[in-house]
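Trainee:
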Amino acid sequence: MTTRRPALALASLLTFALTATACTSDGDPGDGPSATPSPTVRAEPDHLTFGVFGTEAEMVAWDETLRDFNEGNRSTRASLVEWTSQEAARSALASGDPEQVPDVFLMARSDLRLAMDEKLTRPVSELLDERGVDFGDKFSRDAVESFSLDGDLQCMAYSISPMVIYLNEKLINFEVMTERGLDVSSRWDRWRMPQFAEAARFGTRPVRGVSGVHIDASVEGLAPFILSAGGSLFDDAKNPTSLAFSSEETRDALAEALPVLRDASITLPEDKIAKRSPLEWFKRGKLAMMAGQRGLVPELREQEGLEFNVMPMPYLGSAATVGDVDGLCISAKTEHPGQAADLIAHLIGDEATVKVTEAGAIVPANLTVAASDAFLQKGQMPERSRVFNSAIRGIEFQPLVPSWEALEKAVRPYVRQLLLDPGEIDLEAITEQIDEASRTVLSPEDVEPSESPSPKD
């Protein structure tokens, strides 16, 4: 769904400079009336549309940044196009209707493949370089490079959000755990898998119906554990034809992580998930830990009585996680590419970025703002917001696939077996099924109908 906020009133002014008729002297026939000059017409300003998605607080902030842009720019006026969600933005971009693609728009990196296939964007590097944008030191290099494709910067990174662990501090108290002699990390930016498992056990309260941890049964949910332990998600880093769950390295990684992630004594049961989402259980104080990105913060802050904090994903060999980047893109069909670049240059500046960051839902790619209180927000939860900044260094960006949603759907029955099947599981057989199912999305031309695996009942 798309809504529009009206642009500020356009400056359409017609100014007449009138010169008074000079008085003539009596008897001076050579003095005639002064000539009236032609009217001076100021041209209509160019109009830009800017499409975004996010929280209501972010929409208010985006609108304010556009007002600032308009007030300081007489030749261009920008108005806001609001998408209700990232999915709504994707639908608009994929519609094939040029009218649904704003001149400038916010887009998740996971949708970059769609944008490239549909030729929706034009590269931004040269246009922004002409406007003095410092790509090297001012912005997260990882975020900027994640939008580089075909030898050019396709969109300008705006925010980057790594997956981290959210924990309920009423259920998991590291000081109390230390006093009891339990295994607790001495660092705020790293903890090992045994320490993560110890925290999950400590946070579990069977009598009160409190579970210790939930990790989603999905490729994305398992990815940080696989990558940290030395495994790979795909068979090729650029042009994958399959997932790589059946590779020796990934099986070894799963063998290390699954004993904790499959432990029914500490994980959120399926029957509870069927009733409410893990996020709802976390907000109700019935789940001690869950994985998530920065976008959860505003909603969690609104939950009365909830005391939460964050830690990085567990360390199984190296610091690793996954995440997504949102970038500002210029439509390939815009009639005003220069003005569109002016708008992006304004939006990524410190002052404009601060306004959106203060809404609490993003980790800005602008390093100055990310290190400031506009993001760290001392005195508000989570206390360890710097964990997000530190975890960015461990993000391993995955190749762009035709549809991440379709991939997850294709393999979900088998990934669920990995995490949820009771008793012993056949890791070799299940991981082979996962890879076979992934080919129906990643390389369907190579899959015979009879080759598609069927999940067991």
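The sequence shown lines up with residues -22 to -1, 1 to 435 when you count with mature numbering (1 follows the signal peptide of the UniProt record, and there is no 0). Positions of the beta carbon are idealized from the N, C-alpha and C atoms, including for glycine. All values reported here derive from a predicted model rather than from experimental measurement.
(1) Going by alpha carbons, who is nearest to residue 194 out of 66, 289, 225, 141?
(2) At the level of alpha carbons, what is the spacing between residue 369 and residue 353?
(3) Residue 236 and residue 265: beta carbons closer than 7 angstroms?
(4) Would the beta-carbon of residue 130 fall within 7 angstroms of that of residue 163?
(5) Please indicate yes or no: does the CB of residue 161 lie closer than 6 angstroms to some heavy atom of the ligand ATP?
(6) Going along the chain, which residues of its own chain have a beta-carbon closer than 6 angstroms to the beta-carbon of residue 177, five neighbours each way excluded?
(7) Provide the residue span of the beta strand (DSSP E) that contains residue 267, from first to last.
(8) On a Cα-Cα basis, can you pick out the residue from 68, 74, 33, 416 that is closest to residue 83?
(9) Give the DSSP-derived three-state secondary structure of residue 408 in the structure shown.
(10) Based on Cα-Cα distance, which residue from 33, 295, 350, 99 lies nearest to residue 169?
(11) Expressed to the nearest angstrom, what Euclidean distance is found between the alpha-carbon atoms of residue 284 and residue 181?
(12) Does residue 357 pass the burial test, meaning 16 or more other C-beta atoms within 10 Å, or should it be called exposed?
(13) On the three-state DSSP scale, how would you describe residue 12?
(14) Taking residue 366 as the reference, which of 387, 320, 272 has the closest Cα?
(15) Kindly indicate the opening and closing residues of the alpha helix (DSSP H) around residue 275.
(16) Can you give the Cα-Cα distance for residue 223 and residue 270, rounded to whole angstroms?
(17) Below 7 angstroms between beta carbons: does that hold for residue 299 and residue 209?
(18) Touch check for the stretch 248 to 260 and the stretch 316 to 333: three-plus C-beta pairs under 8 angstroms?
(19) For the stretch 314 to 351, which segments carrying the alpha helix (DSSP H) assignment without a break, of at least 4 residues, lie completely within its bounds, in sequence order?
(20) Under 7 angstroms between the Cβ atoms of residue 333 and residue 27?
(21) Please identify the residue among 166, 196, 218 whose C-alpha is closest to the C-alpha of residue 419.
(22) In whole angstroms, give me the CA-to-CA distance for residue 184 and residue 192.
(23) Throw me the rounded Cβ distance for the residue 211 and residue 376 pair, which I believe falls under 8 angstroms.
(24) According to the Cβ coordinates, are residue 302 and residue 118 closer than 7 angstroms?
(25) Where does residue 150 sit, in a helix, a strand or coil, going by DSSP?
(26) Using the Cα positions of residue 197 and residue 390, report the straight-line distance between them to the nearest angstrom.
(27) Please list the segments of the alpha helix (DSSP H) lying wholly inside the stretch 72 to 151, counting only runs of 4 or more residues, in order along the chain.
(28) Put residue 413 into one of helix, strand or coil per three-state DSSP.
(29) Please say whether residue 412 and residue 200 have beta carbons closer to each other than 7 angstroms?
(30) Is residue 224 helix, strand or coil when you go by DSSP?
(31) Is it buried or exposed for residue 74, if we count other Cβ within 10 angstroms and need 16 for buried?
(32) Considering only the alpha carbon of each residue, which of 154, 62, 290 lies closest to residue 171?
(33) Taking only the alpha-carbon atoms, compute the straight-line gap between residue 324 and residue 62 and give it to the nearest angstrom.
(34) Going by other Cβ atoms of all chains shown within 10 Å of its Cβ, with 16 needed for buried, is residue 165 buried or exposed?
(35) Considering only residues of the same chain and omitting the five flanking positions on each side of residue 435, which have a CB-CB separation below 8 angstroms?
(36) What whole-angstrom Cβ distance do residue 174 and residue 292 have, given they're in contact under 8 angstroms?
Mentor: Inspection of the coordinates gives the following:
(1) 141
(2) 15 angstroms
(3) no
(4) no
(5) Absent from the structure shown: the ligand ATP. Ligands present: none.
(6) 150
(7) 267 to 270
(8) 68
(9) helix
(10) 295
(11) 15 angstroms
(12) exposed
(13) Because the pLDDT of residue 12 is 48, which lies under 50, any placement of that residue in the model is unreliable, and the number read from its coordinates should be weighed accordingly. Residue state, collapsed to three classes: coil.
(14) 272
(15) 275 to 279
(16) 23 angstroms
(17) no
(18) no
(19) 315 to 325, 328 to 335, 345 to 348
(20) no
(21) 218
(22) 15 angstroms
(23) 6 angstroms
(24) no
(25) coil
(26) 8 angstroms
(27) 90 to 95, 103 to 108, 119 to 124
(28) helix
(29) no
(30) coil
(31) exposed
(32) 290
(33) 24 angstroms
(34) exposed
(35) For residue 435, the predicted structure reports a pLDDT of 44, less than 50, and the residue's modelled location is therefore unreliable. A value from the coordinates is still provided. For residue 435, where only same-chain residues beyond five positions count, there are no Cβ hits under 8 angstroms.
(36) 4 angstroms
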